[in-house]
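Okay, so the sequence shown: first residue is 25 according to my numbering, each after it adds one. Below: one structure, written as structure tokens.
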Amino acid sequence: MIKLRLKRFGKKREASYRIVAMDSSARRDGRPLEELGFYNPRTDETRLDVDGILRRLQQGAQPTETVRHILERASILERPVSKYAPKDSAVAVAEPATETATETAVEAAPSEDSSEAE
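Here it is in structure tokens:
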């Protein structure tokens, strides 16, 4: 399986990474099939070959989690919707219940005021 992943290079404690397409069983610093970009976490510099990345994704390449986050920040991939986020239908169901409770409280309030006035 082809993976889009990071290949480390640079000095000790000053790492930079190349975004590469590699076979998933290849070692981290092995020879890549194709270099698709560059990422420096210290300066947050990112250079991407968008056409090459899209071509590899269409061919079935799977990005690693870190590369997926980089591609989401660059708007190449869409951010997935969290399955724990509130759904629109749940909010729509909750709104009528609160309106009904408010109307009930408003209807009860004038009758109390009229009994106090008498």
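All C-beta atoms, glycine included, are put in the ideal place defined by N, C-alpha and C.
Helix, strand or coil at Ile43 [DSSP, three-state]:
In this structure, Ile43 counts as strand in the three-state DSSP scheme.
Of the listed residues Ser49, Leu78, Asp47, Arg51, nearest to Gly61 (C-alpha basis):
The residue with the shortest Cα to Cα distance from Gly61 is Leu78.
Rounded C-alpha distance that separates Arg52 from Phe33
Rounded to the nearest angstrom, the two C-alpha atoms are 10 angstroms apart.
Looking only at its own chain, which residues have a Cβ that is under 6 angstroms from the Cβ of Ile26, when we skip the five neighbours before and after it?
Once the five neighbours on either side are set aside, the close Cβ partners of Ile26 are Ala45, Ala85.
Locate the alpha helix (DSSP H) running through Gly76, then write down its first and last residues.
Where Gly76 is concerned, the enclosing alpha helix (DSSP H) stretches over 74–82.
Sequence-distant residues of the same chain with beta carbon closer than 6 angstroms to Asp73, five excluded per side
So the list reads Leu60, Gly61, once near-sequence residues are dropped.
On the three-state DSSP scale, how would you describe Leu60?
Leu60 falls in the strand class under three-state DSSP.
Starting from Ala28, trace the beta strand (DSSP E) both ways and give me its first and last residue.
Sequence inspection shows Leu at residue 28; the Ala mentioned does not correspond to that position. Looking at the DSSP string, the run of the beta strand (DSSP E) that includes Leu28 is 26–35.
Exposed or buried, which one is Tyr63 when buried takes at least 16 other CB atoms within 10 Å?
Result: buried.
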